[in-house]
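Just so we're aligned: the first sequence equals residues 34 to 366 in the working numbering.
Ideal Cβ placement from N, Cα and C applies to all residues, glycine included.
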Amino acid sequence: MLDKIKIILKNYTPSEDIRWKPKEVKNCPPTKYFYIAKIYNSNFSKKKFSLKLLLTADEKNDIFSLSINGSIRKWYYQKNSRKDLNFKEFIDCIELIAKELNTDVKTVLSGKVTQLEVGLTLLLKSEMREINDCLVKYRNAEREVFEETTLYFKFVNYKLIFYDKFLEMNKNTIWSDIEENVFKKFYFLRFEINAKKVSGMTFKNKFDTIEKIRNNWNMLPSVIEKYINDIVFVDVISEDKKIEINDYSDFVNYLTFLGIKKYGVLESINLFGKSLNINNKSKKLEEFINTYRTNVTNEFDFKAKLLVELRKKLDRLYNKSNNIITKKLINTL
DNA sequence: GGTCGCTCAGAAAGGTGTTG
DNA sequence: CAACACCTTTCTGAGCGACC
């Protein structure tokens with residue numbers, strides 16, 4: 034469930050097996066020196082998807098701190114696939130990193146996590162490809178669509194991202210017939226919670242050290258589901274219902290629906306941002322959107338399908354059936 | 001009965017000064 | 001610089017009368 038991560042180890046004793054290269058950094062105190070290096074996953078012979086190291090040396094006091102930065106997911110598998118780390122693999126990662134750094138597991142566990150990306154890839158049917166259009170609002174985040182297939186909800190310290198993993202993995206290649214078929218049939222939806230500053234969002238206290246991530250691994254599914262559930266969902270794809278207008282309220286209801294459709298769902302929702310009454314805003318918005326919802330058939334039920342697949346994948350990554358094994362793994366470290 | 005606006009508390013987001 | 005602690009602001013949902 035983890036992808037990109039930045040870990041800070043204090044009081045790390047630099048391994049002599051690593052080739053440290055001095056790095057010039059402008060505007061830094063004269064007593065500090067910087068060295069960079071890379072570590073690879075030595076379970077594989079190829080050297081791809083490294084983790085970048087930045088060693089800060091305060092040579093006066095002989096104190097070193099190490100920053101580890103990169104995608105442990107790609108690093109662990111040595112490829113960019115739709116696989117996601119489960120608990121056992123995460124524990125594996127910790128041990129591997131300790132080995133590569135020539136330090137003990139305890140040191141890695143104590144590492145501070147200052148940046149973290151929690152995410153997963155869902156295997157959906159290709160009809161689900163349009164689902165981004167239905168994710169219309171998330172709290173007060175800035176909604177932004179990039180190159181038509183990527184959707185962001187941005188805050189200062191973190192953002193939510195939805196994108197087509199298959200396109201991302203195969204963007205620079207010529208597709209074979211098999212790949213064409215896969216793309217036609219399936220949609221690899223990737224969802225990520227990208228924390229640029231862990232200390233400034235909800236991961237703080239729960240996922241801000243490697244040890245806490247390990248101990249709180251079982252909380253990750255509900256955290257991910259909470260973020261998804263908080264996104265305002267409107268089915269903008271299904272056909273309109275055939276509406277019978279029998280009285281005035283039916284008429285107003287239908288007019289509101291037509292108005293939202295004509296003016297645009299996103300634009301209509303934005304109107305509420307300017308609404309003066311803070312307290313009623315969310316309630317009104319909910320009513321407003323429900324009016325729209327009651328006028329579409331919702332024949333496909335995108336949201337339900339998304340949540341079902343999300344739950345399936347989370348169960349697998351959380352190792353629900355292996356709870357005892359999970360506890361044992363924690364105890365062995 | 002339903003709507004509106006006020007209050008409150010807790011959570012979430014953002015701003016800023018300090019620190020190594 | 002990056003990261004954090006600390007503080008302020010904003011958001012959100014629930015509760016509760018007042019009013020039509």
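Cross-strand partners of residue i (DSSP beta bridge)
{"i": "Phe335", "result": "Its beta-bridge partners do not exist; DSSP assigns none."}
{"i": "Leu347", "result": "BP columns for Leu347 are empty, so no partner."}
{"i": "Ser104", "result": "Lys37"}
{"i": "Arg326", "result": "DSSP output for Arg326 lists no bridge partner at all."}
{"i": "Thr183", "result": "Phe179"}
{"i": "Phe77", "result": "Beta-bridge pairing links Phe77 to no other residue."}
{"i": "Glu244", "result": "Answer is none; Glu244 lacks a bridge partner."}
{"i": "Ile130", "result": "According to DSSP, Ile130 bridges with nothing at all."}
{"i": "Glu225", "result": "Gly152, Ile194"}
{"i": "Ser98", "result": "Lys43, Thr89"}
{"i": "Asp280", "result": "According to DSSP, which records beta bridges pairwise, Asp280 is partnered with nothing at all."}
{"i": "Ala70", "result": "Leu86"}
{"i": "Tyr171", "result": "Ile264"}
{"i": "Pro254", "result": "Pro254 is not bridged to any residue."}
Residue i versus residue j - alpha carbon distance
{"i": "Asp334", "j": "Asn135", "result": "51 Å"}
{"i": "Ile130", "j": "Phe179", "result": "34 Å"}
{"i": "Ser354", "j": "Gly297", "result": "In this prediction, Ser354 scores a pLDDT of 47, lower than 50, which makes its location untrustworthy; the coordinate-derived value is nonetheless stated afterwards. The straight-line gap from Cα to Cα measures roughly 45 Å."}
{"i": "Val265", "j": "Arg326", "result": "12 Å"}
{"i": "Tyr260", "j": "Asn113", "result": "24 Å"}
{"i": "Thr140", "j": "Leu99", "result": "11 Å"}
{"i": "Ala174", "j": "Phe188", "result": "6 Å"}
{"i": "Gly292", "j": "Glu300", "result": "11 Å"}
{"i": "Ile278", "j": "Ser315", "result": "28 Å"}
{"i": "Leu88", "j": "Asn238", "result": "25 Å"}
{"i": "Asn44", "j": "Met34", "result": "28 Å"}
{"i": "Glu128", "j": "Val138", "result": "6 Å"}
{"i": "Leu2", "j": "Gly233", "result": "An answer regarding residue 2 cannot be provided, because it is not within the stretch 34 to 366 covered by the chain."}
{"i": "Ala337", "j": "Phe290", "result": "23 Å"}
Distance between beta carbons of residue j and residue i, contact taken as under 8 Å
{"i": "Asn102", "j": "Lys85", "result": "5 Å"}
{"i": "Ile270", "j": "Lys170", "result": "Actually they are not in contact, since the Cβ atoms of Ile270 and Lys170 sit about 17 Å apart, beyond 8 Å."}
{"i": "Ile41", "j": "Lys145", "result": "4 Å"}
{"i": "Phe221", "j": "Leu168", "result": "The pair is not a contact, with the Cβ atoms about 17 Å apart (cut-off 8 Å)."}
{"i": "Asn328", "j": "Ile276", "result": "6 Å"}
{"i": "Asp36", "j": "Ser104", "result": "5 Å"}
{"i": "Glu213", "j": "Asn203", "result": "The pair is not a contact, with the Cβ atoms about 10 Å apart (cut-off 8 Å)."}
Contact under 9 Å by Cβ, residue i with residue j
{"i": "Leu193", "j": "Phe224", "result": "yes"}
{"i": "Lys132", "j": "Tyr191", "result": "no"}
{"i": "Lys116", "j": "Lys158", "result": "no"}
{"i": "Pro55", "j": "Phe97", "result": "no"}
{"i": "Thr242", "j": "Leu142", "result": "yes"}
{"i": "Thr324", "j": "Asn286", "result": "yes"}
{"i": "Trp53", "j": "Ile69", "result": "yes"}
{"i": "Phe82", "j": "Asn76", "result": "no"}
{"i": "Leu24", "j": "Glu258", "result": "A query on residue 24 cannot be resolved here, the shown segment of the chain reaching from 34 to 366 and no further."}
{"i": "Leu350", "j": "Phe186", "result": "no"}
{"i": "Arg176", "j": "Leu184", "result": "yes"}
{"i": "Asp91", "j": "Thr64", "result": "yes"}
(request) Count the CB pairs spanning the segment 142 to 152 and the segment 164 to 183 that are closer than 8 Å, and state whether there are at least three. (result) Under the 8 Å Cβ criterion, the segment 142 to 152 does not count as touching the segment 164 to 183, having fewer than three qualifying pairs.
(message) If contact is defined by three or more beta carbon pairs under 8 Å, each pair taking one atom from either stretch, is the segment 314 to 331 in contact with the segment 235 to 254?
(response) Under the Cβ criterion (8 Å, minimum of three pairs), the segment 235 to 254 does not count as touching the segment 314 to 331.
(message) Using a Cβ distance threshold of 8 Å, determine whether the segment 208 to 217 contacts the segment 107 to 126, with at least three qualifying pairs required.
(response) Not touching, per the Cβ criterion.
(message) I'd like to know if the segment 252 to 265 and the segment 197 to 204 are in contact, where contact means that at least 3 CB-CB pairs between them fall below 8 Å.
(response) No contact exists between the segment 252 to 265 and the segment 197 to 204.
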